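Take the sequence shown: its position 149, counted from the start at 1, is 149 in the working numbering, and no numbers get skipped.
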Amino acid sequence: MRLCVINCALQNELQSLGNTVLGLHPKPGIHDLPRLLEEHSFQPDVVIQQESLGPRVLLKDLEKVSGLKVFWSIDTHLNAFWQMEYVRLFDLVCSTQRNWSDALQKLTNVPAFWLPWFGRRLPWKGWDRRPRTVCFVGRVTEHRPSRKRFVNFLRREFQMELVEDVSFQQMLDVYRETRLAPNEAIFGEINFRLFEAASCGCLVLNPSGIPGLGETFLPDREIGVFSHALELKSKINHYSRNQRLAEQMGKAAWARVQEEHLAIHRAERLLEAVTQALGRSSSQPELSALSWTLTLYRLWQARRAPIDVGDLQNLLLALPESPRKREALLGFWLGTNRQDLVLHDLRALLQSELPFGNDPALTRTASLAALHIGEVALAKAFWLRHQKISGRTANAPLTPQQLYLLWSREMLREGLRVRRGFVYDHERQLPESALECLILGHRIDPHDMDICKGMDALLDKEPGFEPTRLALLSHLTLYQPDNWLAGLKLGLVNLQGFRLEEGLEELLLAALKAEQHDETRKFNNALAAADPDDSIRTVLGIQPGA
Numbered sequence: 001m002r003l004c005v006i007n008c009a010l011q012n013e014l015q016s017l018g019n020t021v022l023g024l025h026p027k028p029g030i031h032d033l034p035r036l037l038e039e040h041s042f043q044p045d046v047v048i049q050q051e052s053l054g055p056r057v058l059l060k061d062l063e064k065v066s067g068l069k070v071f072w073s074i075d076t077h078l079n080a081f082w083q084m085e086y087v088r089l090f091d092l093v094c095s096t097q098r099n100w101s102d103a104l105q106k107l108t109n110v111p112a113f114w115l116p117w118f119g120r121r122l123p124w125k126g127w128d129r130r131p132r133t134v135c136f137v138g139r140v141t142e143h144r145p146s147r148k149r150f151v152n153f154l155r156r157e158f159q160m161e162l163v164e165d166v167s168f169q170q171m172l173d174v175y176r177e178t179r180l181a182p183n184e185a186i187f188g189e190i191n192f193r194l195f196e197a198a199s200c201g202c203l204v205l206n207p208s209g210i211p212g213l214g215e216t217f218l219p220d221r222e223i224g225v226f227s228h229a230l231e232l233k234s235k236i237n238h239y240s241r242n243q244r245l246a247e248q249m250g251k252a253a254w255a256r257v258q259e260e261h262l263a264i265h266r267a268e269r270l271l272e273a274v275t276q277a278l279g280r281s282s283s284q285p286e287l288s289a290l291s292w293t294l295t296l297y298r299l300w301q302a303r304r305a306p307i308d309v310g311d312l313q314n315l316l317l318a319l320p321e322s323p324r325k326r327e328a329l330l331g332f333w334l335g336t337n338r339q340d341l342v343l344h345d346l347r348a349l350l351q352s353e354l355p356f357g358n359d360p361a362l363t364r365t366a367s368l369a370a371l372h373i374g375e376v377a378l379a380k381a382f383w384l385r386h387q388k389i390s391g392r393t394a395n396a397p398l399t400p401q402q403l404y405l406l407w408s409r410e411m412l413r414e415g416l417r418v419r420r421g422f423v424y425d426h427e428r429q430l431p432e433s434a435l436e437c438l439i440l441g442h443r444i445d446p447h448d449m450d451i452c453k454g455m456d457a458l459l460d461k462e463p464g465f466e467p468t469r470l471a472l473l474s475h476l477t478l479y480q481p482d483n484w485l486a487g488l489k490l491g492l493v494n495l496q497g498f499r500l501e502e503g504l505e506e507l508l509l510a511a512l513k514a515e516q517h518d519e520t521r522k523f524n525n526a527l528a529a530a531d532p533d534d535s536i537r538t539v540l541g542i543q544p545g546a
């Protein structure tokens, strides 16, 4: 096949498998793909773009290129908020994250599959020739406070070596001298470091509970896993005392990389998916224009747009009428402080007989836009329209807070829980997730503890939101000091975030509150569920089974 690959780490492997490959590495910014191909006199059967980290490379006019278009999302866990628009320009999408490949397909209807990152082909090096016991390679800055606490904890407890600002090859050299390699993840993702350290024969100690992790490396056989600071400490102590077992696990992970997780394996999997999808290429200029413009709009919302705001406005206005265009315009007018245009569009949507006027997502956005500008009556009217569309009867909510809570429940029903990687600005943006609606409800009445509990319950299984949970639970325990369950959760979240002293202090206080209410057994049972290896109870002096 003739392949055009853009910023693709698998270029050499794809070529070695017998394909004719044109590799392009354009500078960050917007690029006209047909023009790039014309400059190289190349007509591809397949175009494969790999997400470029840092400044973005965006390809426009993809619909003008025949053949299959594939996008490989690398940091989906951070960029799904804009990639859910961009991938609609492609015929096939793959993600390095197991759960996000499923989510992208559900959000966009674009066929998607899981294509994890890969390791390196390196010779085995025995642990008797490795001078570093515990080591972490990565930058520690004020912008990554969780990593800083993670590193400081390990340096204090195990004199872990921190290596920063080295080249890729130097990083591999360091890990080939290392035995135990603790890893951390921003949003519960399978990251590069897991593959890199495993390629070097380290025993990687990785956060647990990540979708796809067990399919990549077997916990307790090829890698160690942990859920909080004390469990990581317990695991490092265990493997330090059992060096032979630890080396066997590190070698098993290294062998797994050589057998399954090299670049050539990913290239073969990619070609297999491409071959199955050939002939699926579609060209719909109107839908392509919408997806392209909404990609730019999403990046503009996050203050990362590569075009001027005036140009974005012109692109939005030029789109054919559709519910998604109207949703974006409401958000755009709010973001540019044009409340007069928001009100104008809302009145038109409520009164007109537009063919898409009853679109459920549009009525939701319209109701929330009306709330944002203080038009409560309009917000209620759109809520009632939404309920009618859904075939449900309901009374009009009495207050803005009630509306935010109701919309939060609707979004939960639709699976719109949180927006990862997106910093929500309540002053210039509409809420587009259940969490964001709850945040606005909380802002109206910070003393409503039920909202705090609702937010915490929502975020309980959402990795990466520990700072938000910390603030919520601290607020909750301040107003409900006898709530030992909230105190228990606060202690556990502190331990997850490597705040060891704070976590133990909160857990001891929660245990005391439970004892005062004759609920010690309930407390111990709840703690046991979060402490399968007994590492927390051992430090607290609580006997397992107590």
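The C-beta atom is built at its ideal place from N, Cα and C for all residues, glycine as well.
As the structure is a computational prediction, the values presented were derived from the model and not from experiment.
8 Å Cβ cutoff met for residue i and residue j
i, j, result
"Leu162", "Arg156", "no"
"Leu89", "Ser291", "yes"
"Ala302", "Trp127", "no"
"Leu440", "Pro446", "no"
"Glu506", "Gly487", "yes"
"Arg221", "Met249", "yes"
"Thr295", "Leu330", "no"
"His261", "Phe168", "no"
"Asp456", "Leu470", "no"
"Ala289", "Leu312", "no"
"Phe523", "Trp484", "yes"
"Leu334", "Arg443", "no"
"Ser433", "Trp407", "no"
"Leu495", "Ala229", "yes"
"Val5", "Leu17", "no"
Helix, strand or coil at residue i according to DSSP, with G and I counted as helix
i, result
"Val110", "coil"
"Lys69", "strand"
"Thr133", "strand"
"Leu329", "helix"
"Ser288", "helix"
"Arg2", "strand"
"Leu403", "helix"
"Pro145", "helix"
"Ser227", "coil"
"Leu180", "strand"
"Leu262", "strand"
Option nearest residue i by Cα separation, candidates the options
i, options, result
"Gly67", "Leu33, Leu58 and Trp82", "Leu33"
"Arg98", "Ile190, His372 and Leu218", "Ile190"
"Thr178", "Phe136, Asp165 and Val166", "Phe136"
"Asn109", "Met449, Thr520, Glu427 and Glu85", "Glu85"
"Val140", "Val151, Pro219 and Phe422", "Val151"
"Trp111", "Ser101, Arg144 and Leu403", "Here residue 111 turns out to be Pro, not Trp, going by the sequence shown. Of the candidates Ser101, Arg144 and Leu403, the one whose C-alpha sits nearest the C-alpha of Pro111 is Ser101."
"Leu403", "Gln169, Gly415 and His386", "His386"
"Glu327", "Asn337, Asp518 and Leu316", "Leu316"
"Asp61", "Ser16, Leu287 and Gly279", "Leu287"
"Leu527", "Ile6, Ile542 and Asp518", "Ile542"
"Asn242", "Gly310, Leu278 and Leu203", "Leu203"
Exposed unless 16 or more other CB atoms sit within 10 angstroms - verdict on residue i
i, result
"His77", "buried"
"Lys235", "buried"
"Gln618", "Nothing about residue 618 can be reported from this structure: the residues present for the chain run from 1 to 546 only."
"Glu353", "exposed"
"Glu375", "buried"
"Glu231", "buried"
"Leu104", "buried"
"Glu142", "exposed"
"Thr363", "buried"
"Arg499", "buried"
"Pro397", "buried"
"Ile74", "buried"
"Tyr239", "buried"
"Arg419", "buried"
Residue i beta carbon near the ligand GTP (any heavy atom closer than 7 Å)
i, result
"Gly541", "The ligand content of the structure shown is nil, which means the ligand GTP is not present either."
* Could I get the ranges of all uninterrupted alpha helix (DSSP H) runs contained in the stretch 335-380, with 4 residues as the minimum, in chain order? => 339-351 and 360-372
* Asked: Fully enclosed by the stretch 148-178, which alpha helix (DSSP H) runs are 4 residues long or longer?
  -> 168-175
* Unbroken alpha helix (DSSP H) runs of length 4 or more, entirely within the stretch 185-225: which are they? -> DSSP runs (the alpha helix (DSSP H)) wholly in the stretch 185-225: 192-199 and 213-216.
* **Inside the stretch 454-517 only - alpha helix (DSSP H) runs reaching at least 4 residues** => 466-479, 484-496 and 500-516
* Segments assigned beta strand (DSSP E), at least 3 residues, entirely inside the stretch 5-79 -> 20-24, 29-32, 46-50, 57-60 and 68-73
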